[in-house]
Amino acid sequence: MERTSSITYRPVLQNEQRKAIELWQSVFEAKSDGYFERFFSSQASPDYREGDTLGAWAHDDRLVSIVQIRRSILISDKNETFLCGVISNVATDVEFRNQGLSKQLLSQAIEKMERENFSLSMLGTGQPQHYLKLGWKPLRSRIQYVINLKRNDLSTESENRLWIPACSVSSYDKLLEIYSTHPRPYQFDRCSSSLFEHWIGWHWKESSAFLYISPDHKGYIVISHADGKGCPVSITEYRAFDHDTEKTLLEIAAVEIYRRYRQNSFLLHTLPQYTTLQSLGWNDDNNLIFEENEDVMLRNIGLSDEQYQTIKTTFEAVNGKTTIWPGEYF
1 MERTSSITYR
11 PVLQNEQRKA
21 IELWQSVFEA
31 KSDGYFERFF
41 SSQASPDYRE
51 GDTLGAWAHD
61 DRLVSIVQIR
71 RSILISDKNE
81 TFLCGVISNV
91 ATDVEFRNQG
101 LSKQLLSQAI
111 EKMERENFSL
121 SMLGTGQPQH
131 YLKLGWKPLR
141 SRIQYVINLK
151 RNDLSTESEN
161 RLWIPACSVS
171 SYDKLLEIYS
181 THPRPYQFDR
191 CSSSLFEHWI
201 GWHWKESSAF
211 LYISPDHKGY
221 IVISHADGKG
231 CPVSITEYRA
241 FDHDTEKTLL
251 EIAAVEIYRR
261 YRQNSFLLHT
271 LPQYTTLQSL
281 GWNDDNNLIF
291 EENEDVMLRN
301 IGLSDEQYQT
311 IKTTFEAVNG
321 KTTIWPGEYF
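The sequence shown maps to residues 1 to 330 in UniProt numbering.
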C-alpha cells in the first residue's frame with residue numbers, strides 16, 4: 001500500500017469489483033449489459049486473480065483510477081507459450097485526471113508482471129504517448145484489407161451453405177478445436193470453450209456476425225456487418241487446417257457477402273495463412289489498400305531481447321500471418 005497526498009494505491013478486492021465496473025461505465029462510452037462484468041467473470045476471464053486490478057483510492061474510499069492486467073497466453077506454432085499481461089480499461093475519474101494516478105498504477109502493473117514472471121505486455125490505446133514513457137512501443141501491423149471483386153467473379157449458384165447467426169451458436173467446443181489446430185506463428189490461446197464463447201463470441205454477437213463451419217470441421221469463417229454502426233461488411237475471422245480449406249472458406253464467404261448484403265466490396269481482417277489473394281483471383285497482393293494499425297502497443301517484461309524482437313517482428317510482418325483478431329481486442 002502506498003500513499004501520495006490523499007490517494008491510496010491498492011488492489012481492488014472481490015467485494016469492490018462493482019466500484020470498478022461503475023468507474024468504467026462512467027468513463028467509457030456506453031457498452032452493452034454485461035460488458036465490463038466479463039473482466040471479472042470466471043467464464044470470460046478464467047485466469048483472473050485477485051490483485052490483477054490495481055486502484056487509486058481517494059480518502060473517502062472512492063475508487064478514482066484503475067488499471068487491470070488481463071492474463072492471456074500467447075502461443076506459437078512451435079508450441080511455445082508466453083504469459084502476456086494485457087493492460088485493459090485504464091480509467092481515471094474526471095476530477096482526478098492529470099495528477100499522475102494512472103502512470104503510478106501502470107508502474108505498479110509493470111512491477112507486478114516482473115515479480116510474477118510475465119513474458120510481455122500488450123495494450124490497445126488511442127493515446128500512445130501516455131504509454132511510450134513507460135516502455136510500451138507501437139506494434140505496427142496491417143489490417144482491414146479492402147477487397148473489391150467484380151460482379152462476375154461471384155457465383156450466383158444457390159448452394160446449401162449453413163450460415164449460423166453468432167447469437168445461435170450453441171457450443172464453442174468444435175470452434176476451439178479448429179482454432180487451436182495448426183496455429184498461426186503466434187496467436188492467443190483460447191484456453192476454454194467458455195472463454196471463447198464469453199469473449200470472442202460476445203464480440204461476434206455485438207457485430208451481428210454470421211458463422212460458417214466447413215462440413216468436415218476443418219475450418220470456420222466469420223462475416224459481420226454491425227447494423228446501424230456505419231461499419232462495412234467484413235470477414236472478421238477465419239481459421240483452417242490447410243490450404244484448400246482456407247481457400248474454399250474465403251470463396252464461400254465472398255459469395256455469401258454478395259448474396260446477403262449485395263456488396264462485392266468488403267474488408268478482410270488479415271491475409272490468409274496458407275493461400276494468397278492472387279490465387280483467389282482477388283486483389284493484386286502488391287497493390288493493396290489496408291489500414292496501418294498503431295493502436296496496439298507491446299512491452300518486453302521477461303523475455304530475452306532476441307525473443308521479444310522475434311515476436312514483435314512477426315506481428316509486424318507484411319505477410320499478415322500473425323494477427324490479433326477483432327474479437328480479441330482489449
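Glycine residues also receive a C-beta, built at the ideal position from the N, C-alpha and C atoms.
Judged by DSSP secondary structure, Leu139 falls outside any alpha helix (DSSP H); it is assigned neither H nor E. Residue environment: Thr92 is assigned as buried (16 or more neighbouring CB atoms within 10 Å of its CB, all protein chains considered). By the Cβ rule, the segment 50-59 counts as touching the segment 89-108, because three or more pairs are nearer than 8 angstroms.
Here Lys150 has Asn264 as same chain residues with Cβ atoms under 8 angstroms from its own Cβ, once five neighbours each way along the sequence are excluded. Thr276 has its alpha-carbon roughly 15 angstroms from the corresponding atom of Ala317. In the three-state scheme derived from DSSP, where H, G and I count as helix and E and B as strand, Asn117 is classed as coil.
Pairwise C-beta distances place the segment 27-37 out of contact with the segment 57-65, as fewer than three of them are shorter than 8 angstroms. By the Cβ test, the segment 134-150 is in contact with the segment 307-324, since at least three Cβ pairs between them sit closer than 8 angstroms.
The beta carbons of Ile66 and Asn98 sit no closer together than 8 angstroms. Residue state for Tyr258 is assigned as helix, using DSSP reduced to three classes. Here Gly55 carries a strand assignment [DSSP, helix/strand/coil]. Proximity to Ile252 across Leu23, Tyr220, Ser26 and Glu80 peaks at Tyr220, based on C-alpha coordinates. When Cβ pairs closer than 8 angstroms are counted between the two stretches, the segment 194-211 is seen to touch the segment 166-175, the count reaching three or more. Put simply, the backbone Cα of Val169 is about 49 angstroms away from that of Ser6.
Excluding the 5 residues flanking it on each side, Ser45 has same chain C-beta neighbours closer than 7 angstroms at Arg38, Phe39 and Arg70, in chain order. Contact annotation: Leu249 and Tyr261 have beta-carbon atoms that are not nearer than 8 angstroms.
Taking the Cα positions, Ala20 is about 15 angstroms away from Glu29. Bounds of the beta strand (DSSP E) holding Trp163 are Trp163 to Pro165. If the five residues before and after Glu294 are omitted, its C-beta is found closer than 8 angstroms to the C-beta atoms of Pro128, Pro138, Leu139 and Arg140, all from its own chain and listed in chain order.
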